[in-house]
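The next block holds one structure in the form of structure tokens; read it before the comments.
2 protein chains.
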Amino acid sequence: MCDKYYMNLALIQAKKALKKNEVPVGAIVVDEKGNIIGKGYNKKEKHKSVCEHAEIIAITKASKKIKSWRLNNCSIYTTLEPCPMCASAIEQSRIKKVYYGTSRKDENNKKIINNILKNIDIQENIYVEECAKLLSDFFKNRR
Amino acid sequence: MCDKYYMNLALIQAKKALKKNEVPVGAIVVDEKGNIIGKGYNKKEKHKSVCEHAEIIAITKASKKIKSWRLNNCSIYTTLEPCPMCASAIEQSRIKKVYYGTSRKDENNKKIINNILKNIDIQENIYVEECAKLLSDFFKNRR
Numbered sequence: 002m003c004d005k006y007y008m009n010l011a012l013i014q015a016k017k018a019l020k021k022n023e024v025p026v027g028a029i030v031v032d033e034k035g036n037i038i039g040k041g042y043n044k045k046e047k048h049k050s051v052c053e054h055a056e057i058i059a060i061t062k063a064s065k066k067i068k069s070w071r072l073n074n075c076s077i078y079t080t081l082e083p084c085p086m087c088a089s090a091i092e093q094s095r096i097k098k099v100y101y102g103t104s105r106k107d108e109n110n111k112k113i114i115n116n117i118l119k120n121i122d123i124q125e126n127i128y129v130e131e132c133a134k135l136l137s138d139f140f141k142n143r144r
Numbered sequence: 002m003c004d005k006y007y008m009n010l011a012l013i014q015a016k017k018a019l020k021k022n023e024v025p026v027g028a029i030v031v032d033e034k035g036n037i038i039g040k041g042y043n044k045k046e047k048h049k050s051v052c053e054h055a056e057i058i059a060i061t062k063a064s065k066k067i068k069s070w071r072l073n074n075c076s077i078y079t080t081l082e083p084c085p086m087c088a089s090a091i092e093q094s095r096i097k098k099v100y101y102g103t104s105r106k107d108e109n110n111k112k113i114i115n116n117i118l119k120n121i122d123i124q125e126n127i128y129v130e131e132c133a134k135l136l137s138d139f140f141k142n143r144r
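The listed protein sequences correspond, in order, to chains R and W. Note that our numbering has the first sequence beginning at 2, numbered continuously upward. Note that our numbering has the second sequence beginning at 2, numbered continuously upward.
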């Protein structure tokens with residue numbers, strides 16, 4: 002399976018968030034054989050919790066599925082550059098590779114997460130236009 | 002109430018983790034009136050999830066209690082210097098002040114969390130000996 006295939010699934014998750022009027026971010030955790038073991042989309046407003054980011058939900062589900070917090074050799078696909086909370090959860094769960102769609106505008110975020118993820122492969126800009134458009138349309142409509 | 006009062010409650014939480022053979026870390030969220038609105042202790046092994054840190058649990062409970070992810074003017078007391086995941090959850094939930102017991106040995110952790118929490122008051126070394134001893138005894142017994 003190619004990276005775009007999984008990022009497209011993360012985009013489908015992000016669109017679920019959009020439908021529920023949440024900031025549209027989606028994430029997918031994939032094991033070393035290519036099986037999807039965790040999916041999630043942002044539910045911050047629904048659950049009134051900053052911890053309900055797409056990546057945290059996908060990681061929690063993946064850990065539950067394989068009955069371990071160690072997600073060795075797994076990859077995560079997320080439509081938006083992770084925040085430090087999610088980057089740290091990725092690093093602590095020993096995920097091997099991070100793929101993300103669009104970057105955040107905050108340069109300090111990139112500096113922080115690059116430090117947190119310094120021993121982890123990062124591939125950015127997959128389906129960058131689709132991921133970015135979903136977010137910009139959402140914020141345009143909120144104004 | 003003084004800071005030691007709340008840190009002692011966080012220590013009581015940490016001891017609950019110890020009893021369940023989890024790394025002994027505890028946390029308490031306090032609102033601006035001094036009410037305890039969230040408590041938590043590390044449950045990483047029980048729930049097999051890196052997201053089950055004491056601070057995340059305390060923040061999630063506090064948000065549920067006040068029905069908002071905005072914990073404006075609240076403080077958090079945690080027995081151990083937060084990891085970047087918890088520091089970012091603290092920052093995103095708009096907590097005003099962080100009190101912690103003992104520091105981590107990893108200097109890079111402090112650098113990262115000081116960047117994440119750069120606009121938030123931090124008070125360290127409250128009951129530092131008690132918080133540190135709980136952790137060092139735990140790791141000594143595991144060897």
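Note that CB positions come from ideal geometry on N, CA and C, so glycine has one too. It should be emphasised that the depicted structure is a prediction, and the values quoted were computed from it without experimental measurement.
Closest Cα partner of residue i within the set the options
i, options, result
"lysine 44 (chain W)", "W:Asn142, W:Lys21 and W:Cys132", "W:Lys21"
"glutamate 108 (chain W)", "R:Lys111, R:Asn109 and R:Asn116", "R:Asn116"
"isoleucine 113 (chain R)", "R:Asn36, R:Met86 and R:Ile60", "R:Met86"
"lysine 5 (chain R)", "R:Ile29, R:Glu92, R:Lys111 and R:His54", "R:Ile29"
"isoleucine 91 (chain W)", "W:Ile57, W:Ile37 and W:Ile67", "W:Ile57"
"methionine 8 (chain W)", "W:Arg143, W:Asn142 and W:Asn126", "W:Asn126"
Rounded C-alpha distance that separates residue i from residue j
i, j, result
"serine 69 (chain R)", "lysine 47 (chain W)", "10 Å"
"aspartate 32 (chain W)", "serine 89 (chain W)", "19 Å"
"valine 1 (chain W)", "aspartate 122 (chain W)", "In the structure displayed, chain W extends from 2 to 144; residue 1 (chain W) sits before or after that span and is not available."
"lysine 97 (chain R)", "serine 76 (chain R)", "6 Å"
"glutamine 93 (chain R)", "histidine 54 (chain W)", "11 Å"
"asparagine 74 (chain W)", "glycine 35 (chain W)", "10 Å"
"cysteine 3 (chain R)", "lysine 17 (chain R)", "22 Å"
"lysine 62 (chain R)", "arginine 143 (chain R)", "30 Å"
"lysine 106 (chain R)", "lysine 106 (chain W)", "32 Å"
CB contact flag (residue i, residue j, <8 Å)
i, j, result
"valine 24 (chain R)", "threonine 79 (chain R)", "no"
"serine 64 (chain W)", "serine 50 (chain R)", "yes"
"arginine 95 (chain W)", "leucine 72 (chain W)", "yes"
"cysteine 84 (chain W)", "isoleucine 60 (chain R)", "no"
"lysine 140 (chain R)", "leucine 19 (chain R)", "The amino acid at residue 140 (chain R) is misidentified as lysine; the sequence shows phenylalanine. No, the pair does not count as a contact, with Cβ atoms beyond the cut-off."
Close Cβ partners of residue i (< 6 Å) along its chain, the five nearest in sequence each way excluded
i, result
"serine 104 (chain R)", "Glu82"
"glutamine 14 (chain R)", "Gly27, Lys40 and Tyr42"
"leucine 10 (chain W)", "Ile29"
"asparagine 120 (chain W)", "none"
Proximal residues to residue i (C-beta, below 8 Å), its chain only, five neighbours per side dropped
i, result
"leucine 12 (chain R)", "Gly27, Thr80, Gly102, Tyr128, Glu131, Cys132 and Leu135"
"asparagine 110 (chain R)", "Glu82, Cys84 and Pro85"
"lysine 66 (chain R)", "Ile38 and Gly39"
"glutamine 124 (chain W)", "Asp4, Lys98, Val99, Tyr100 and Tyr101"
Opposing strand residues paired with residue i [DSSP bridges]
i, result
"leucine 81 (chain W)", "W:Thr103"
"tyrosine 42 (chain W)", "W:Gly27"
"glutamine 124 (chain W)", "W:Tyr100"
"serine 76 (chain R)", "R:Val31 and R:Lys98"
"isoleucine 37 (chain R)", "R:Val31"
heavy atom of the ligand MN below 7 Å from residue i C-beta
i, result
"tyrosine 6 (chain W)", "The model on display carries no ligand, and the ligand MN is accordingly not part of it."
### Task
Pull out every residue of the region 92–104 of chain W whose Cβ sits closer than 9 Å to any Cβ of chain A, in chain order.
Absent from the structure: chain A. Protein chains present are R and W.
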